[in-house]
Amino acid sequence: MAKILITGGAGFIGSHVIRLFVRKYPDYRIVNLDALTYAGNLENLKDIEDRPNYTFIKGDITDAGLIRQIFTDHRFDGIIHLAAESHVDRSIANPAAFVETNVMGTVHLLNAAKASWGDNFAGKRFYHISTDEVYGSLGETGFFTETTAYDPRSPYSASKASSDHFVRAWYHTYGLPVVLSNCSNNYGSHQFPEKLIPLVINNIKNMAEIPVYGKGENVRDWLWVEDHAHAIDVIYHRGKDGETYNIGGLNEWKNIDLVHLLCQIMDNKLGRAQGTSAKLITFVKDRAGHDLRYAIDASKLSNELNWNPSIQFEEGLEKTVDWYLANEEWLTHVTSGAYKNYYDQQYKQR
Ligand code: NAD
Ligand code: TYD
661 MAKILITGGA GFIGSHVIRL FVRKYPDYRI VNLDALTYAG NLENLKDIED
711 RPNYTFIKGD ITDAGLIRQI FTDHRFDGII HLAAESHVDR SIANPAAFVE
761 TNVMGTVHLL NAAKASWGDN FAGKRFYHIS TDEVYGSLGE TGFFTETTAY
811 DPRSPYSASK ASSDHFVRAW YHTYGLPVVL SNCSNNYGSH QFPEKLIPLV
861 INNIKNMAEI PVYGKGENVR DWLWVEDHAH AIDVIYHRGK DGETYNIGGL
911 NEWKNIDLVH LLCQIMDNKL GRAQGTSAKL ITFVKDRAGH DLRYAIDASK
961 LSNELNWNPS IQFEEGLEKT VDWYLANEEW LTHVTSGAYK NYYDQQYKQR
């Protein structure tokens, strides 16, 4: 019976990974460790919280003593590490928090895993979840592969790049059985509305301005979050020690085109005349150091582990919009209080 620690399981991607593992592997014990920052929300896990193979621990990965204790108490076979500060704009405003959680938190987990496993790594695995943003910014052409040189440009991506290096260092130096993946932008249900897609949905719903940075020409490669969770399942079980796998949707969109598509979908869903939502589009001051384009070559994962994205973007976006419209209470809950202050601060000077 495997016992797996999943960090950051109350966040966007983490909650999808927890849901998948808890349902698919009733014989595993899944422990979710999450500090419940502004981005962590146990409402995301309501449907599985009573399952006998699931346990939640509230705890901060920057607390080395606590992490050591949790590893001593639980004797995990595997770790899937997602806990992170994840928003680029927040990293520009407050970089130190990203170093603390993303770099130091990862090092504490690596240390605790190594200490708890001693020299016996048989059947053990430390899986680190990372981002394509570590590779920097592409021009109009080309793709990131697993051998693309790291070139992070935001405090967020610099902290994730640093954590990736530490994970690989524990593999080479101590033989810790690690595996990594670097994924493109995710979308789907339960994403905190500071990120582009849920922010646009929420603003359209409220007939508020849609802030598009710069000219909206930046390109992102969007992946359905459940496809990411599935890739994580495949890599956790069948990836090779010491390897990195890129995960992407082969689905590049300029921000402005994506925003127009969302406007059309929302006009349909809300019964508004076509063109109503597009009038809300407002071009605002660009993000500092805004990466132009991300695009992933995921052929290694496809060829070696037979993973491929499952759903078309238009279908995934419709499902996403449906979820946000059906879960008004969730949206109201997470956009009140502290988030409102963040939003006012972040967008007032743009
Ligand atoms: P998120 O911000 O929605 O969730 C992060 C979770 O981590 C939250 O539940 C939060 O409470 C928890 N957390 C934060 N700091 C913590 C700490 N110090 N101790 C314990 N828990 C803490 O993030 P997400 O979008 O779900 O991303 C999850 C992971 O996937 C991150 O490592 C991120 O870098 C990576 N990633 C995200 C994307 C994306 O598009 N969202 C793409 C590629 C990779
Ligand atoms: P985001 O969802 O923050 O993800 P990332 O920066 O990690 O790719 O942003 C996606 C794209 O949308 C990015 O190019 C920045 C842009 N963007 C806006 O134009 N307006 C916004 O209000 C936000 C949050 C993002």
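Position one of the sequence shown corresponds to residue 661 (our numbering), numbered consecutively onward.
Every residue, glycine too, gets a C-beta built ideally from N, C-alpha and C.
In this text the structure is predicted, and so the values were computed from the model without any measurement.
Mark residue i as exposed unless 16 or more other C-beta atoms lie within 10 angstroms of its C-beta, in which case mark it buried.
{"i": "S937", "result": "buried"}
{"i": "H624", "result": "Only positions 661 to 1010 of the chain appear in this structure, which leaves residue 624 out of reach."}
{"i": "N906", "result": "buried"}
{"i": "T904", "result": "buried"}
{"i": "T942", "result": "exposed"}
{"i": "L952", "result": "exposed"}
{"i": "M926", "result": "buried"}
{"i": "P871", "result": "buried"}
{"i": "S970", "result": "exposed"}
{"i": "H850", "result": "buried"}
{"i": "G802", "result": "exposed"}
{"i": "K718", "result": "exposed"}
{"i": "D733", "result": "exposed"}
{"i": "K820", "result": "buried"}
{"i": "E912", "result": "buried"}
{"i": "N845", "result": "buried"}
{"i": "R898", "result": "exposed"}
{"i": "A889", "result": "buried"}
{"i": "N928", "result": "exposed"}
{"i": "T766", "result": "buried"}
{"i": "K774", "result": "buried"}
{"i": "N780", "result": "exposed"}
Quick one: is the Cβ of residue i within less than 8 Å of any heavy atom of ligand 4?
{"i": "I752", "result": "This structure simply doesn't include ligand 4; it includes ligand 1 and ligand 2 instead."}
Taking 9 Å as the threshold (beta carbon to beta carbon), is residue i in contact with chain C?
{"i": "Y816", "result": "Chain labels in this structure do not include chain C; a single protein chain is all it has."}
Across which residues does DSSP place residue i in a beta bridge pair?
{"i": "R880", "result": "W913"}
{"i": "N963", "result": "For N963, which the question treats as bridged, DSSP gives no partner whatsoever."}
{"i": "R813", "result": "DSSP output for R813 lists no bridge partner at all."}
{"i": "N987", "result": "None; N987 has no bridge partner."}
{"i": "I664", "result": "I690 and G738"}
{"i": "Y787", "result": "I740 and V839"}
{"i": "L952", "result": "BP columns for L952 are empty, so no partner."}
{"i": "F672", "result": "Answer is none; F672 lacks a bridge partner."}
{"i": "I907", "result": "C843"}
{"i": "T942", "result": "P871"}
{"i": "L798", "result": "R953"}
{"i": "F804", "result": "I956"}
Thinking residue i and residue j are a contact (beta carbons under 8 Å), I'd like their distance in whole angstroms, please.
{"i": "L665", "j": "L702", "result": "In fact, because the Cβ distance is near 17 Å, the residues do not count as touching under 8 Å."}
{"i": "G738", "j": "Y787", "result": "7 Å"}
{"i": "L840", "j": "S790", "result": "6 Å"}
{"i": "I721", "j": "T807", "result": "Actually they do not touch by this definition, with Cβ atoms about 29 Å apart."}
{"i": "L680", "j": "D887", "result": "The Cβ separation is near 11 Å, so there is no contact."}
{"i": "R1010", "j": "Y954", "result": "22 Å between Cβ atoms; not a contact."}
Quiz item: Unbroken alpha helix (DSSP H) runs of length 4 or more, entirely within the segment 708–770: which are they?
Solution: 724–734, 748–753 and 755–758
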